[in-house]
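Enquirer: Mind having a look at this structure? Questions to follow.
Protein chains in written order, with the working numbering: chain A, 13 to 366; chain B, 131 to 481.
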């Protein structure tokens, strides 16, 4: 703390007289901003206490983290789009579905590469699938913004209705193009199976998912904190008209963020599809529920809040599903209720200059 | 008298009045005008959906809140009747208890959800209702000991409401049996609920809701407690939806997750409100009638269309009856853009 150091500095000449005394903030006050970050380890410890065997706790924690990372990837675009332009996109789940279908189709086409026992070929096939999915959903996001979202700026009611309609239309188009049956997909050869660590079986794919999610979060934070474009985006979230007054075209930035968010949803879709090894046209709609919970408890517009929220939801879902399978979804609702009682605006509320 | 019955909210367009009158007469004498199991069934569904859609319009059109949990409230009423009938045995007391319990539960749920979301910002409400509704739907299909799971529950309604009960021979070629009584129970209850909703939206309370929809900040400044009004509207809307659900359960004598809780019903409601016209109760009537008739009879037409384009690449796929939802979705988006006041709004404009 700056003022604490000041007090220890040697007095210089006559300026001794002016020495404002500031009491250090109490522990709870200093801890308050960090509370959300502490929630994740707290939940993990609670899970450890509730789950009898440590090895199954470890397995569940890893799968919870993996799930949380995937949800974060899908939800981050949504929360930024809301923060930036006050646009709430109920059609976000459609990008997840489309991403999964495009990516999985790509993997099916490259079946000889995914079935080969070589890690290199497998990763290449994965990369191709991910790129295809992200390009497709990015383009779709651009079109969606143009056709569906643009005419209803500033009207929340219409936004919700129209984007919901868009979700239905896209889902139905998926059924038209890919057929109504669900598609089963095996993970690439090198990502199947599990490694054993401390007596717990950790699926390789989940570890990879945690790695990708973490890397993306760090990258996103770096872009938002260290680059010019990140600065504009953050400033736009806080006070859009001011950023525009300074000559930046916020609309273009917004379209960029929308496209990037859609592409991330597509990436999340591929990862989720491979995680479940099963994709259906309405998978996006189902995940939307979790995404909304995450975005709400994180605080609409906040990427960090979204990350913490996603991890909490992922861990909660896995722990409760192990202890009492029927209560899994309800437990997440309970989590949301608890957090909204604690902080009605979400864990890390975005302060808007109005 | 008539104006008073309509709470002073006359249709304000001769054509609209004529259409509404025609619908009222058609529904009032449906068993005699359109004999046949299927058409009477359609008429009963129309009655129930008019109430359901009108109660949703109280929320969407009058208060300006989007809810995705309306089918959940609908389902609560339906499951209330079903569970009461299963556990208390068939009888009118079971129906009454089930209906009231379902409506009370719906109102309590609505109150809690509203408390959590509307307190902060109205946009949370849409997301939270979506999450809660899907959690409830999943829970209902999982708790199979209580709710019958995916299979749902079949139950007995009082004998007086079943086809086995006869109270006369024939009237205009229609058998006077319990099914007829059942239809009129549905019809009269729906009519009463609809008039009640009309009364509510035209009361001072309804005016405040409209003020909140137009400008909530200003309504708050004038001194109305926006959160309290929005919460009350949510609870009323939920309770009426539960009543509609109870009627539906009595009519089809079955409840199941697909029949009363599925998200498709929610989409139907949304579409009916938007096409009929948001912010007018009469829009609910027009929307429900149009959509349900289209759903029952147009789907066959689409099947024919799909047959006609056999051999053309994607067209049969697009026109098959299973793709009904696709066209509904497109219609929905287009009507929100170009037709925001719906049919009723257009008719009143063109006066």
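Just so it is clear, CB atoms sit at the ideal spot from N, CA and C, and this is done for glycine as well.
Residues in the region 195-214 of chain B with C-beta within 9 Å of chain A's C-beta atoms, listed in sequence order?
Expert: 195, 196 and 198
Enquirer: Quick one, are the C-beta atoms of residue 403/B and residue 414/B less than 8 Å apart?
Expert: Yes, these two residues count as a Cβ contact at 8 Å.
Enquirer: Could you tell me the alpha carbon to alpha carbon distance between residue 209/A and residue 299/A, rounded to whole angstroms?
Expert: C-alpha separation (whole angstroms): 30 Å.
Enquirer: Which residues, in chain order, does the region 257-284 of chain B contribute to contact with chain A at a C-beta distance below 8 Å?
Expert: Considering only beta carbons, the part of the region 257-284 of chain B lying closer than 8 Å to chain A consists of 257, 258, 260, 261, 262, 264, 265, 268, 269, 272 and 273, in chain order.
Enquirer: Does DSSP put residue 350/B in a helix, in a strand, or in coil?
Expert: helix
Enquirer: Is the Cβ of residue 460/B closer than 8 Å to any Cβ of chain A?
Expert: yes
Enquirer: If you measure beta-carbon to beta-carbon, which residues of the region 230-258 of chain B are closer than 9 Å to chain A?
Expert: 242, 246, 247, 249, 250, 251, 252, 253, 254, 256, 257 and 258: these are the residues of the region 230-258 of chain B whose beta carbon lies less than 9 Å from some beta carbon of chain A, given in chain order.
Enquirer: Does the contact criterion of 3 or more C-beta pairs under 8 Å hold for the region 71-83 of chain A versus the region 329-340 of chain A?
Expert: yes
Enquirer: Would you say residue 337/B lies against chain D (beta-carbon separation less than 8 Å)?
Expert: Protein chains A and B are contained in the structure displayed, whereas chain D is not.
Enquirer: Terminal residues of the continuous alpha helix (DSSP H) containing residue 179/B?
Expert: 167-187
Enquirer: List, from N- to C-terminal side, the beta strand (DSSP E) runs of 3 residues or more that fit wholly inside the region 248-323 of chain B.
Expert: 296-301 and 304-307
Enquirer: With residue 459/B and residue 406/B assumed to form a contact (beta carbons below 8 Å), what rounded beta-carbon distance in angstroms separates them?
Expert: Not really, about 17 Å apart at Cβ, beyond 8 Å.
Enquirer: Assuming residue 328/B contacts residue 370/B (C-beta within less than 8 Å), just tell me the rounded distance between them.
Expert: Rounded, the Cβ-Cβ distance is 12 Å, inconsistent with contact.
Enquirer: Spatial neighbours of residue 354/B within its chain, please: C-beta separation below 6 Å, excluding the five flanking residues on both sides.
Expert: 338
Enquirer: Taking C-beta to C-beta, are residue 225/A and residue 84/A nearer than 8 Å?
Expert: The Cβ-Cβ distance between residue 225/A and residue 84/A falls below 8 Å.
Enquirer: Around the Cβ of residue 269/A, are there at least 16 other Cβ atoms within 10 angstroms (buried) or fewer (exposed)?
Expert: buried
Enquirer: Compute the beta-carbon to beta-carbon distance between residue 257/A and residue 183/A, rounded to the nearest angstrom, for a pair I have assumed lies under 8 Å.
Expert: That pair is no contact at about 40 Å.
Enquirer: So residue 369/A packs on residue 249/A, CB below 8 Å; how close in whole Å?
Expert: Here chain A has residues from 13 to 366 only, and residue 369/A is not among them.
Enquirer: Taking residue 205/B as the reference, which of 425/B, 237/B and 466/B has the closest Cα?
Expert: 237/B
Enquirer: Beta carbons nearer than 8 Å to chain B: which residues of the region 256-281 of chain A have them?
Expert: Of all residues in the region 256-281 of chain A, none has a Cβ within less than 8 Å of some Cβ in chain B.
Enquirer: So, helix, strand or coil for residue 102/A, using DSSP?
Expert: coil
Enquirer: I need the straight-line Cα distance from residue 233/B to residue 216/B, nearest angstrom please.
Expert: 18 Å
Enquirer: Please state whether DSSP places residue 197/A in a helix, a strand or coil.
Expert: coil
Enquirer: Write down every uninterrupted run of the alpha helix (DSSP H) in the region 332-400 of chain B whose length is 4 residues or greater and which is fully enclosed by it, in chain order.
Expert: DSSP runs (the alpha helix (DSSP H)) wholly in the region 332-400 of chain B: 334-344, 346-352 and 356-382.
Enquirer: Among 343/B, 189/B and 181/B, whose alpha-carbon lies nearest the alpha-carbon of residue 362/B?
Expert: When each option's Cα is compared against that of residue 362/B, the closest is 189/B.
Enquirer: In terms of residues, what are the limits of the beta strand (DSSP E) holding residue 209/A?
Expert: 206-209
Enquirer: Spell out whether any CB of chain B is found under 8 Å from the CB atom of residue 168/A.
Expert: yes
Enquirer: Less than 8 Å between the CB atoms is what I'm expecting for residue 134/A and residue 203/A, so what's the real figure, rounded?
Expert: 7 Å
Enquirer: For residue 316/A, list the residues DSSP reports as bridge partners.
Expert: Answer by DSSP bridge pairing: none, since residue 316/A is not bridged.
Enquirer: Measuring alpha carbon to alpha carbon, tell me which of 280/B, 222/B, 316/B and 321/B ends up nearest residue 150/B.
Expert: 321/B
Enquirer: State the DSSP-derived secondary structure class of residue 213/A, mapped to helix, strand or coil.
Expert: Strand, per DSSP.
Enquirer: Could you tell me if residue 385/B is buried or exposed, where buried requires 16 or more neighbouring beta carbons within 10 angstroms of its beta carbon?
Expert: buried
Enquirer: Which partner residues does residue 290/A have in the DSSP bridge list?
Expert: Beta-bridge pairing links residue 290/A to 196/A.
Enquirer: Does the ligand ATP have a heavy atom nearer than 7 Å to the CB of residue 187/B?
Expert: With respect to small molecules bound, the structure shown includes none, and the ligand ATP cannot be examined in it.
Enquirer: Counting only Cβ-Cβ distances shorter than 8 Å, please list the residues of the region 88-117 of chain A near chain B, keeping chain order.
Expert: Going along the region 88-117 of chain A in chain order, one finds 100 and 102 with a Cβ nearer than 8 Å to chain B.
Enquirer: Given that residue 240/A touches chain B, what residues does it touch there, using C-beta distances under 7 Å?
Expert: Per Cβ cutoff of 7 Å: no residues; residue 240/A is ~30 Å from chain B at best.
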